[in-house]
Amino acid sequence: MLEVDPKQLIRCPICEAVNIDKGKSNCCRRCESAIYHHRRFKTERSWAFLITAIIAYIPANLYPMLITKQFGMVEGSTIVGGVILLWEHGSYPIAVVIFFASIVIPVMKFFILLYLLISVKYPLGKERKVDKHKLYYMTEVVGPWSMVDVFVVAILSALIHLSNIQIVAGTAATAFAISVFFTLLAAHAFDERLIQESPYRF
Amino acid sequence: MKIENEEALDDFIICHKCQTLHHEIPLRDGAMAYCSACGTMMYRYDSHLIDRGLALSITALIFFFVANFFPIVKIEILGHAQFITIPKTFLSLFEHGFYIVGIFCSFLIFIFPLGVFLLYLWIFTLLKLQRGERLTRRLLVLLSRSIPWSMSDIFLLSILVSLVKLIGYAQIEIGTAFWALVLFVAVDLYITKMIRISEIWMLHKRLFFPQGRGC
């Protein structure tokens with residue numbers, strides 16, 4: 460017989476098996492993959508990825524995302540510029556989609572991950588009932604959708620390259636793709652065990 | 056809380072959304088179990104899981120091939136006709152010198168979606184033949200690591216967004232591959248949302264260790 464505290468049970472992020480938290484070298488008993496076994500640096504990986512993502516997000520907003528070459532005129536538009544342009548042209552739904560995908564979701568993800576990472580160290584929001592598991596789950600589900608803008612740029616630049624009219628991807632596309640990639644890595648690297656208060660455990 | 060051994064932990068399940076611990080209960084065929092705290096679907100029992108999985112993954116692969124070999128959209132600007140296919144989208148990024156974005160795109164919209172369904176096909180075939188216990192495990196781990204990086208659904212939305220951007224500038228004709236991609240995304244969403252990886256693991260245990268692992 461084994462005596463187990465329900466608080467010690469963790470879910471393997473790969474195969475979803477229930478495991479006993481043994482601390483230093485957690486290996487999933489079912490799929491044998493390591494469950495966050497870097498105990499000495501709990502949050503550092505996630506921090507590193509997150510900071511890289513935030514740094515990459517700055518040039519993503521400063522440089523043009525899309526460069527339109529039309530009869531010798533070269534015109535670049537940044538992410539924010541593109542959204543404003545779409546709004547002025549009257550395509551509101553698309554403007555909203557791009558606004559959410561390239562501005563709201565990435566920024567929201569930065570803040571949620573920052574909040575989660577800080578709240579691991581300092582007891583932030585412990586009194587207020589903020590459901591951190593829900594926040595984390597939301598960032599994981601919603602995160603990839605910020606790739607929309609990068610794909611749109613790829614499609615447009617593949618589709619429109621005539622001799623007179625050309626659309627080319629700008630520097631921001633690279634920066635933005637890198638930023639999204641690192642936020643995804645940061646979210647994956649975050650150790651869910653560190654969200655300690657789980658209100659519903661029996 | 057007292058349990059027999061570590062093996063007995065298989066009778067428990069933790070909700071993937073809110074981390075609530077639940078006792079796993081046997082279900083009748085086709086029924087689903089929902090989390091009592093947040094209402095998320097956690098698992099279901101499906102006696103035809105292998106056949107369904109095989110059928111779905113073969114269907115998805117067929118749609119994927121159609122979606123890749125035929126043009127997605129044809130446009131006409133000033134008398135010049137242009138078309139794109141999925142491989143052309145990321146290959147043109149390489150041509151323009153955007154290697155990093157090109158690599159990201161080729162992985163996210165081509166290699167991972169294809170890989171995920173080849174893995175599903177391989178896993179379900181092995182389970183059907185009841186062979187390769189260790190190999191199935193490896194493949195299942197690989198599968199759950201690749202699923203988050205398969206972004207066909209996002210790519211589909213991007214196509215729609217870019218088409219709306221082009222309305223007024225060009226004549227747009229939607230190609231065969233677009234509809235194939237829509238169907239592929241539908242199957243992709245169904246299989247990744249409705250067949251949870253833990254269900255395949257439970258099936259794996261039932262098939263290879265009918266009496267328990269006995270450790």
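Taken in sequence, the protein lines are chains A and B.
All residue numbers for the first sequence refer to our numbering, where the first residue is 460 and numbers rise by one.
All residue numbers for the second sequence refer to our numbering, where the first residue is 56 and numbers rise by one.
Where a beta carbon is used, it is the ideal one built from N, C-alpha and C, also for glycine.
Item: Own chain partners of A519/A with C-beta closer than 6 Å, once the 5 adjacent residues on each side are dropped; Value: A631, A634, F635 and S638
Item: Every unbroken alpha helix (DSSP H) within the stretch 195 to 219 of chain B, with a cutoff of 4 residues, ordered by chain; Value: none
Item: Enclosing beta strand (DSSP E) for K143/B [first to last residue]; Value: It is not in any beta strand (DSSP E) - K143/B instead sits in the alpha helix (DSSP H) that spans I141 to E150.
Item: Exposure of I577/A, with buried meaning 16 or more beta-carbon neighbours within 10 Å; Value: exposed
Item: Chain-ordered chain A contacts of F67/B [CB-CB under 8 Å]; Value: L468 and V477
Item: Boundaries of the beta strand (DSSP E) in which T527/A is found, first to last residue; Value: L525 to Q529
Item: Local conformation of V579/A per DSSP, three classes; Value: helix
Item: Classification of R186/B by the beta-carbon crowding that lies within 10 angstroms, buried from 16 upward; Value: exposed
Item: C-alpha distance - I626/A paired with I619/A, whole-angstrom precision; Value: 6 Å
Item: DSSP state of E462/A mapped onto helix, strand, coil; Value: strand
Item: CB contact check: A648/A to chain B, cutoff 7 Å; Value: no
Item: Cβ-based burial, S91/B [other Cβ within 10 Å; buried from 16]; Value: exposed
Item: Beta-carbon separation (whole angstroms), L195/B vs C490/A, contact threshold 8 Å; Value: 7 Å
Item: Any C-beta of chain A under 7 Å from that of V171/B; Value: no
Item: Close-in-space but distant-in-sequence residues of the same chain around I252/B (CB under 6 Å, 5 per side omitted); Value: S199
Item: Alpha-carbon to alpha-carbon, I127/B and F136/B; Value: Note that residue 136/B is Ala in the sequence shown, not Phe. About 13 Å.
Item: Cutoff 8 Å; reference I571/A; Cβ partners in own chain excluding five residues on either side; Value: L594, Y595, M597 and T598
Item: Sufficient close CB pairs (3 or more, under 8 Å) joining the stretch 236 to 255 of chain B to the stretch 215 to 226 of chain B; Value: no
Item: Local Cβ density within 10 Å of V566/A, reported as buried at 16 or more and exposed below that; Value: exposed
Item: Residues near N123/B by beta carbon distance below 8 Å, same chain, minus five either side; Value: T140, I141, P142, F165 and A232
Item: Residue-chain proximity (F153/B, chain A), Cβ-Cβ < 7 Å; Value: yes
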